[in-house]
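Just so we're aligned: 338 in numbering that gives the first Met the number 0 is position 339 of the sequence shown, and the numbers increase by one with no gaps anywhere. Take a look at the structure below.
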Amino acid sequence: MGALELVQEVGKCLAPVLKRGMGRDGLVFQAEHIGDDPEIRAAAQRLMDFFGMVNEAYRFAEDLANGRLETQTARNNVLAMPMKALQSNLAHLSWQARQVADGDLSQQVHFLGRFSESFNQLIASLREKAVLERRLQTMMDVLGEGVLLVDAEGRLIFMNPEAERLLGYTLDDVEGKALDEVFHIQQPDGTFLGPDQSGAARAARANQEYRSDKDVFTCKSGRILPVSVVCRPLELEQRGSGAVIAFSDVTEQKKYQKSLELINKILEKQASTDPLTGIFNRMKFSEVLGAELKRAQRYGTPLAVILLDIDNFKSINDTYGHLDGDNVLKDVTRLLAANIRSCDTLARWGGEEFILLALGSDLDGGKLLAEKLRLAVAEYDFPIPRSVSSSFGVAAYQPGDTELTLTNRADQALYRAKEQGGNRVEVKHD
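Here it is as structure tokens:
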């Protein structure tokens with residue numbers, strides 16, 4: 000048979016194969032209609048062998064496309080050789096991916112063109128992220144504040160070592176639990192706050208900021224921990240991103256504040272109190288009198304000022320000594336305080352002089368009170384072998400009075416009482 004006839008016969012056999020295309024069974028060449036010509040049958044056999052290699056290469060490629068990297072093909076199939084190289088590269092890439100998943104970020108790919116570039120860029124990004132995470136973890140570990148992370152529902156997902164140390168919990172103890180459920184956030188008076196009352200927990204759920212130095216956490220041991228708290232959303236513009244909560248123990252700060260408040264109270268008392276008698280000093284009395292004068296000017300309420308002086312006090316000091324003189328001053332203070340109302344103000348004016356502000360008293364009322372006090376001093380048995388008396392000057396508020404004009408009138412009345420022999424009460428009308 001001539002070459003042309005052979006080609007034509009083989010073409011007739013190939014036409015239905017090419018028309019059907021690649022089916023489930025691959026390219027199927029049916030040789031039963033070829034005839035008995037040995038040349039044609041030999042050529043058909045070679046085509047059938049070739050189609051077998053094509054079908055095997057196709058199935059091999061299909062397995063690789065579906066991720067079955069363990070698939071095998073005949074070694075002598077030259078059509079599958081490029082795909083065998085691809086299989087080898089993909090298997091190595093799969094191994095590298097597992098190494099990366101286990102934390103080995105030294106892997107590099109050099110055999111897959113642009114895919115290699117993408118893979119290597121991913122590895123570089125992961126390296127940078129790993130470095131950043133290590134730095135962040137180091138910062139969290141050494142930070143002197145407790146740090147908590149909560150999700151959008153306010154449930155704990157992270158706590159740093161300082162938070163564990165301060166609160167006594169580990170992350171395993173609290174993970175997935177609500178912030179206020181675990182730490183029983185309280186008010187300074189010990190009142191527990193409900194889920195909707197805790198500022199930090201509410202802010203975390205609402206994607207809001209919160210700051211307070213008055214919150215109180217309950218530790219695992221039951222210890223009450225005063226804290227300063229700052230809560231901020233992880234992403235302000237995206238609801239549901241969760242929040243970071245930083246807190247610090249302010250126990251010592253609270254103690255310091257209380258000590259400072261106590262010291263200030265002591266200093267304030269010292270600044271306003273006469274050290275010998277324990278009653279107000281002249282400066283504090285002036286402050287009280289100034290406030291009451293403003294009230295009297297506004298509402299027209301009466302008030303009286305009584306100035307008193309212990310008669311011949313210098314001779315008591317000279318005769319019996321300053322210690323006995325101081326005791327007399329203390330006794331006079333107790334006598335005066337015991338015979339006035341709680342709304343009245345008693346102060347040491349200076350030396351042996353005392354001053355009294357009688358609220359709601361006019362001139363007559365002030366005179367009656369002064370007489371009562373004079374008798375109390377005169378009738379008291381002082382621990383020195385002599386009697387003690389006192390002189391009183393009384394003045395009452397008049398419209399337009401200042402602290403100076405009012406006390407000056409009381410002082411003038413006292414001067415007149417001393418001039419007339421002492422142990423008496425005098426008043427100054429105007």
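Cβ coordinates follow ideal geometry from the N, Cα and C atoms, glycine included.
Only residues of its own chain outside the window of five on either side were considered, and among them L334, N338 have a CB closer than 7 Å to the CB of A375, listed in chain order. Residue state for I265 is assigned as helix, using DSSP reduced to three classes.
The continuous stretches of beta strand (DSSP E) do not include I315, which lies in the alpha helix (DSSP H) extending over residues 312–319.
If you look at Y209, you'll find it in the beta strand (DSSP E) that goes 209–217.
DSSP places R201 in the helix class (H, G or I) of the three-state scheme. Collapsing the DSSP output to three states places A151 in coil. A distance below 8 Å separates the beta carbons of L288 and L356. Counting along the chain, the unbroken alpha helix (DSSP H) around S285 starts and ends at 281–298.
Around the beta-carbon of Q71, fewer than 16 other beta-carbon atoms lie within 10 Å, marking it exposed. Excluding the 5 residues flanking it on each side, K371 has same chain C-beta neighbours closer than 7 Å at N338, in chain order. L266 counts as exposed, since fewer than 16 other C-beta atoms from the protein chains shown sit within 10 angstroms of its C-beta. Between the alpha carbons of T300 and R294 lies a gap of roughly 7 Å. A residue is called buried when at least 16 other Cβ atoms come within 10 angstroms of its Cβ; I244 meets this threshold and is buried.
With respect to the C-alpha of L275, the residue from E425, G324, S220 having the closest C-alpha is G324. Residues of the same chain with a CB within less than 6 Å of the CB of Y209, apart from the 5 flanking positions on each side, are G198, A199, A202, C230 in chain order. Between the alpha carbons of P232 and E260 lies a gap of roughly 35 Å.
G392 has L306, E425 as its beta-bridge partners, per DSSP.
Out of Y298, A177, P384, the CA that lies nearest to the CA of L358 is found in Y298.
Under the Cβ criterion (8 Å, minimum of three pairs), the stretch 389–396 counts as touching the stretch 416–428.
Within the DSSP bridge table, the entry for V243 names L148, R231 as partners.
For L413, the three-state secondary structure derived from DSSP is helix. Proximity to G349 across A336, T332, K427, D343 peaks at T332, based on C-alpha coordinates. Between A346 and G365, the C-beta spacing is not below 8 Å. Here the alpha carbon of S258 sits roughly 17 Å from the alpha carbon of D248. E351 sits in coil when the DSSP states are folded into three classes, being neither helix nor strand. Distance from the Cα of N280 is smallest, within the candidate group A369, G320, E351, for E351. Ranking N65, R67, A84, G66 by CA distance to the CA of R74 puts A84 first. Put simply, the backbone Cα of P81 is about 14 Å away from that of A90.
Note on A56: 16 or more other CB atoms within 10 angstroms of its CB, so buried under the neighbour-count rule.
DSSP, read as helix, strand or coil, puts F49 in helix. A buried status is given to S360, since no fewer than 16 other beta-carbon atoms sit within 10 Å of its beta-carbon. Between the beta-carbon of G145 and that of L166 there is about 7 Å, and that keeps the pair under the 8 Å contact cut. The beta carbon of L178 lies closer than 8 Å to those of L147, V149, G153, R154, L155, I184, S197, A199, A200, A203, I244 in the same chain, with the five residues before and after it left out.
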